[in-house]
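If you read the sequence shown in full-length UniProt numbering, its first letter stands for residue 1, the second for the next number, and so on. Glycine residues also receive a C-beta, built at the ideal position from the N, C-alpha and C atoms. Below you'll find the structure, written out as structure tokens, and then a few comments.
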Amino acid sequence: MSAPPTIDQPAPSESPRLLLLSRKASAIGRKVTTRHGWIGDYDYRWLCTPSIPFFRNRHVSPPFYGLDSEIPLLVAITCGLQHALAMLAGLITPPIIFASSLNLDPETSAYMVSASLIGCGILSLVQMSRLRIWRNYYLGTGMLTVVGTSFATLSTASAIFNVMYSNGTCPSTKGQDGTITRLACPDAYGYVLGTSLVCAFLEIFMSMVSPKVLQRIFPPMVTGTVILMIGASLVGTSGIPNWGGGSNGCRSRPETGFFQLCPDIAAPKPRLWGSPEFIGLGFVSFISIILTEIFGSPFLKNTSIIVGLVVGCIVAGAAGYIDGSSIRTAPAITFLWVHTFKIRVYAPAILPMLAVYVSLAMEAIGDITASAEVSRLPVQGEEFDTRIQGGILGDGLGGFLSALFTVTPLSVFAQNNGVIAITRCASRAAGRWCCFFLILFGVLGKISGVFLAIPNSVLGGVTTFLFASVATSGLRVLAYVKYARRDRFIIAAALCFGFGDLLVPDIFTHLFDGVRNPSSGLAGLLDAIEILLTTPFLLAGLVATTLNLILPQEDKPSEEMYDAERIMENAETGSIHKERSNA
1 MSAPPTIDQP APSESPRLLL LSRKASAIGR KVTTRHGWIG DYDYRWLCTP SIPFFRNRHV
61 SPPFYGLDSE IPLLVAITCG LQHALAMLAG LITPPIIFAS SLNLDPETSA YMVSASLIGC
121 GILSLVQMSR LRIWRNYYLG TGMLTVVGTS FATLSTASAI FNVMYSNGTC PSTKGQDGTI
181 TRLACPDAYG YVLGTSLVCA FLEIFMSMVS PKVLQRIFPP MVTGTVILMI GASLVGTSGI
241 PNWGGGSNGC RSRPETGFFQ LCPDIAAPKP RLWGSPEFIG LGFVSFISII LTEIFGSPFL
301 KNTSIIVGLV VGCIVAGAAG YIDGSSIRTA PAITFLWVHT FKIRVYAPAI LPMLAVYVSL
361 AMEAIGDITA SAEVSRLPVQ GEEFDTRIQG GILGDGLGGF LSALFTVTPL SVFAQNNGVI
421 AITRCASRAA GRWCCFFLIL FGVLGKISGV FLAIPNSVLG GVTTFLFASV ATSGLRVLAY
481 VKYARRDRFI IAAALCFGFG DLLVPDIFTH LFDGVRNPSS GLAGLLDAIE ILLTTPFLLA
541 GLVATTLNLI LPQEDKPSEE MYDAERIMEN AETGSIHKER SNA
């Protein structure tokens, strides 16, 4: 019989665990106390050196850090901050637009911005975790995947708010000149939260479907069209109107009332919508983004949106266009549930919100694929399929939890893939520091007050570029389409409705005017159809998905057909050039 272990020697069953803990503690100690652990071999000079146009900038590319690579602390902190700054403008824009659309008070608006930042930080940690639930069923992608407030919800919620104000769910007043002024309606935001909470189960269910099946139902021609229309509609409904002075009631330039001038008559220097002062402020922000791309270092290029906001605010502040009341009223420290909303389900919004979650799943597939590519991970096989499945489940669970966090649905963000590609850092350690900074920015309430103080024209100059980048992402996805006759037909049919709805937004608003005294159930159904028809990306996505399912697949063309098509295209191109030269 062996002697019992002494006090100084751990039991045999505990030795491996204690040895592992000892090694981890030793590794942490070396990382924190050594120069190599803090700085490593990363080329910080390259990261911070401005680029000079027309000159060849020679530098040594920094090493590539994989998902779980040993990464110096300073690199992790720097790249994490860069990720946070790169996505910051995209995170604060939706809550600012929501608050402006519903005319909420500055205190509530500041809370919504803070809640968005905190929620994104928490749920990004979930997406990076890759928790195994059952067999090959996971939660999260296990990559440096961050989440942000979905722009798809932004355009859909705008249509929902329009219906709520038109049917009396939200209060409004009518002036002597017939101008309708919308009053504050926080309950509308609660309706959106409650509806998104319920509809999130659709995406959770979709995560149980094979990624290959989802990719067949939603190929690139469907997902690319949806993303393209999301960006294009946001440029028209939010970006450009804010650039002109505001997307609220001042846009119609009423002759009387609170919104006679933009952003309202109580602003420091109100002007008519579209005034040259507003256009100039937006252009300062826009041109700052371009100059940063030309002259900026790799670090600044990844944060060009923030540079545009900062430069625009400096010019606007010097000219007297910034009102600091939102900064004064914002609390120093805040967190979730400081303000709450009545979470209720709005029946007419269920159908459009279900379509939103379908589009979120489509976006997630493309974004996760791009993340795997820049992270140097396989984009085929069982491991990749589980990352897709875990990411979609994380999106669905994020939609459910975000509603409880008083935040609209959060989805995978694509902007950070560019940061990974440029910095060559795909380490999840950098991602965790990114989450830390996002939560920190949200907890410091004064930062939200600063964001709310940004003039509409400055915000518009930046968000117009941001939303156009979303549309460009859609074009990039469409580049994967082979553009056979069937593909061209489906995309053309979808864009027919999408662009038509975008350019003439009131075409479907009078569709059911002839229906008199409908029952409550019928009225809700008609409102749901109206929301669906007046949201360009939902309508285009519905048409593209339906045609993709019902149109028969084409036979694979032979080489002779390819040659014939190529000869015809060359002949047509040559005749066009000949006609132009003769003219």
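Taking the CA atoms as reference points, Ser326 sits about 27 Å from Ile160. Per the DSSP secondary-structure output, Gly148 pairs in a beta bridge with Ser411. For the set Val374, Leu131, Ser150 and Ser304, the Cα lying nearest the Cα of Ile97 is the one of Ser150. Between Phe437 and Leu81 the beta-carbon gap is near 6 Å, inside 8 Å, which marks them as a contact. In the DSSP annotation of this structure, the continuous segment of the beta strand (DSSP E) that includes Ile133 starts and ends at Leu131 to Trp134. Rounded to whole angstroms, Leu404 and Pro50 show a C-alpha spacing of 43 Å.
Cβ atoms of Gly224 and Val477 come within 8 Å of each other, at about 3 Å. Assignment of Thr329 by DSSP, reduced to helix, strand and coil, places it in the helix class. Three or more Cβ pairs closer than 8 Å define a contact, and the stretch 68 to 85 meets that threshold against the stretch 433 to 452. Just so you know, the alpha carbons of Val198 and Leu538 end up roughly 19 Å apart. In the DSSP annotation of this structure, Ile180 is not part of any alpha helix (DSSP H); the continuous beta strand (DSSP E) holding it starts and ends at Ile180 to Arg182.
Under the DSSP assignment, Tyr137 falls in the beta strand (DSSP E) whose first and last residues are Tyr137 to Leu139. Contact between the stretch 256 to 268 and the stretch 227 to 234 is absent: fewer than three C-beta pairs spanning the two stretches fall below 8 Å. Contact between Ala188 and Met164 is confirmed by a C-beta separation of about 5 Å, below the 8 Å threshold.
By DSSP's assignment, Arg271 forms a beta bridge with Cys262.
Here DSSP, grouped into helix, strand and coil, assigns Cys496 to helix. At the C-beta level, Leu410 and Gly142 stay beyond 8 Å of one another. Annotation: Asn302 to Ala84 spans about 10 Å, alpha carbon to alpha carbon.
Looking at the DSSP output, Cys185 sits in no beta bridge, so it has no partner there. Distances from the CA of Glu277 to each of Ala484, Val450, Val146 and Val458 were compared; the closest alpha carbon is that of Val458. The beta-carbon distance between Leu67 and Ser427, rounded to whole angstroms, is 7 Å. This is short enough to meet the 8 Å contact definition.
Segment contact: the stretch 440 to 453 against the stretch 104 to 117, three or more CB-CB distances shorter than 8 Å; contact assigned. Following the DSSP letters along the chain, one finds Lys342 in no beta strand (DSSP E), marked with neither H nor E. Judged by DSSP secondary structure, Ser51 falls outside any alpha helix (DSSP H); it is assigned neither H nor E. Taking all protein chains in view, the Cβ of Ser155 is crowded by 16 or more other Cβ atoms within 10 Å, so the residue is classified as buried. Rounded to whole angstroms, the gap between the alpha carbons of Gly460 and Phe499 is 21 Å. Secondary structure in the stretch 348 to 417: the beta strand (DSSP E) runs of 3 residues or longer, each lying completely within the stretch, are 410 to 412 in chain order. Between the alpha carbons of Phe283 and Arg516 lies a distance of about 48 Å. Judged by DSSP secondary structure, Lys212 falls within the alpha helix (DSSP H) whose first and last residues are Pro211 to Ile217. Within its own chain, the residues whose Cβ lies closer than 8 Å to the Cβ of Leu183, once the five positions on either side in sequence are excluded, are Asn103, Cys170, Pro171, Ser172 and Thr173, listed in chain order.
Between Gln380 and Tyr137, the CB-CB gap reaches or exceeds 8 Å. Scanning its chain for C-beta atoms nearer than 8 Å, with the 5 sequence neighbours on each side dropped, one finds around Glu293 the residues Lys301 and Ser304, in chain order.
Counting of Cβ neighbours within 10 angstroms places Phe497 among the buried residues, the total reaching 16 or more.
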